[in-house]
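So that you can map any letter, position 206 of the sequence shown is 206 in UniProt numbering, and since no number is skipped, the others follow by simple counting. We put the CB at the ideal spot given by N, CA and C, even for glycine. Note that the coordinates shown come from a computational prediction; the quantities given were computed from them, not determined experimentally.
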Amino acid sequence: MYLPGTTIFVTQTFVESSLYGIYLVIFMTLLYLRGRNCRHSRGRVSAPKPAVSWVLLALIAQNLTITAHWILTMWVGYHTLIVLGGGQAGEDYYSNPSAPPLFAQLSMYTVGSIIADLLVIHRLYVIYSRRWIYAAFPAALLLGQLVSGTGSLVVLGVLHKEGVSLLEVDTRSRAWVTTSLVFSIVISVYSSGMIAWKILRMHRVLAATNTITTGGTSLMSFLAIIVESAGIQTATALAFIFTFIFSDLGQVMILEIAPVIVGISTVLIHVRVTLGWAHEPDRELHNSQSFNSTSGRDGSATLTRISFAAGRSSMGNRTQLSTFGIHDEEMALEEH
Numbered sequence: 001m002y003l004p005g006t007t008i009f010v011t012q013t014f015v016e017s018s019l020y021g022i023y024l025v026i027f028m029t030l031l032y033l034r035g036r037n038c039r040h041s042r043g044r045v046s047a048p049k050p051a052v053s054w055v056l057l058a059l060i061a062q063n064l065t066i067t068a069h070w071i072l073t074m075w076v077g078y079h080t081l082i083v084l085g086g087g088q089a090g091e092d093y094y095s096n097p098s099a100p101p102l103f104a105q106l107s108m109y110t111v112g113s114i115i116a117d118l119l120v121i122h123r124l125y126v127i128y129s130r131r132w133i134y135a136a137f138p139a140a141l142l143l144g145q146l147v148s149g150t151g152s153l154v155v156l157g158v159l160h161k162e163g164v165s166l167l168e169v170d171t172r173s174r175a176w177v178t179t180s181l182v183f184s185i186v187i188s189v190y191s192s193g194m195i196a197w198k199i200l201r202m203h204r205v206l207a208a209t210n211t212i213t214t215g216g217t218s219l220m221s222f223l224a225i226i227v228e229s230a231g232i233q234t235a236t237a238l239a240f241i242f243t244f245i246f247s248d249l250g251q252v253m254i255l256e257i258a259p260v261i262v263g264i265s266t267v268l269i270h271v272r273v274t275l276g277w278a279h280e281p282d283r284e285l286h287n288s289q290s291f292n293s294t295s296g297r298d299g300s301a302t303l304t305r306i307s308f309a310a311g312r313s314s315m316g317n318r319t320q321l322s323t324f325g326i327h328d329e330e331m332a333l334e335e336h
């Protein structure tokens, strides 16, 4: 079924604006909760963490790309419907791959996707005690994603100067775009799978030491957040691949709304984790809870201490399950 370009544009603009409103509310909630936690952390026994972390800066950078993408969408709408008056002239401009908006939108999607995957890798890195050996594989994939994403932009820039058709753009940039999306999917699935394995392992240790009522629920809730976020990002990338290969109409729609969907999945995990700790803003270090057990005879790693404390502790060999720099609480798992 044929749909006029202006009809498609109005539809996707409405969808993107609605999703952007949801994203903006979640992002502002995250900033509020983080500021609230920082204010309440003053005067505690341990020094509070910095109010601004590189994770927060990455989230702000992603917010800027998503906001710029939405502003560009609004500008295209104004130029298409008001300046050109819609009709055939507006449709020709909207469907012209040589027009600047297509290159700018793909650039913003590429940057936003790389930031989201970088944050996923950071979660894996932190949960595995900041050991790069576990994050090396997805980091290599991220480098490949950066190269392929840059390649797709270079190809699009060349085609922009040549003024080729939209079909030619799809054909000549398909390999680069598909490769970048595949890298993103593998990063999300691998990192989330490794995090899930670690959390489930910790959950079994809690169950074995009869502390499941204290820490098990939090661990499984955290796991659910990780899986939900990974599922949203993976589904978005898969939808982009499918529509990029089989549907020009779907491709245009996904390209418009994918950045904000990825942004929602990214900030949602941070705001939900931060919200969990915001219910207890006045908890002090001396109120931290500790549990002890002994190592098993088989030499396997067993729980020796679980500590909920503000800031970093100076424990020995352990695995930290922090909240990726979003709040100032840590859960430490010490192993033999």
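Pull up the distance between the alpha-carbon of residue i and that of residue j, whole angstroms please.
i: Ser-180; j: Met-220; result: 31 Å
i: Leu-141; j: Phe-9; result: 34 Å
i: Thr-234; j: Leu-81; result: 34 Å
i: residue 348; j: Val-267; result: For residue 348 there is no data in the structure shown, the boundaries of the chain being 1 and 336.
i: Val-262; j: Gly-112; result: 8 Å
i: Leu-189; j: Trp-75; result: The question names Leu, but residue 189 is Val in the sequence shown. Taking the straight line joining both Cα atoms gives about 36 Å.
i: Phe-244; j: Thr-11; result: 19 Å
i: Tyr-23; j: Ile-199; result: 28 Å
i: Thr-209; j: Ala-196; result: 20 Å
i: Val-83; j: Met-202; result: 60 Å
i: Gly-35; j: Thr-67; result: 22 Å
i: His-69; j: Val-205; result: 45 Å
i: Ala-301; j: Leu-59; result: Confidence at Ala-301 is low in this model, with a pLDDT of 38, below 50, so its placement is unreliable and the value that follows should be read with caution. So the alpha carbons of these two residues sit roughly 35 Å apart.
Classify residue i as buried or exposed, calling it buried when 16 or more other Cβ atoms lie within 10 Å of its own Cβ.
i: Val-158; result: exposed
i: Phe-240; result: buried
i: Ala-135; result: buried
i: Gln-145; result: buried
i: Gln-105; result: buried
i: Phe-14; result: exposed
i: residue 337; result: Limits of the chain in this structure are 1 at one end and 336 at the other, which puts residue 337 out of reach.
i: Leu-153; result: buried
i: Tyr-125; result: buried
i: Ala-175; result: exposed
i: Phe-183; result: buried
I need the boundaries of the alpha helix (DSSP H) containing residue i, first residue and last residue.
i: Leu-56; result: 54-77
To which residues of the same chain is residue i closer than 6 Å at the C-beta, ignoring the five residues directly before and after it?
i: Glu-280; result: Because the pLDDT of Glu-280 is 45, which lies under 50, any placement of that residue in the model is unreliable, and the question is left without a value.
i: Val-186; result: Leu-141
If you drop the 5 nearest sequence neighbours on each side, which residues of the same chain put their C-beta closer than 7 Å to that of residue i?
i: Thr-65; result: Met-108, Val-111, Gly-112 and Pro-259
i: Ala-61; result: Ile-115
Excluding sequence positions up to five away, which residues of its chain have a Cβ less than 8 Å from the Cβ of residue i?
i: Ser-173; result: Ser-152, Val-155, Leu-156 and Leu-159
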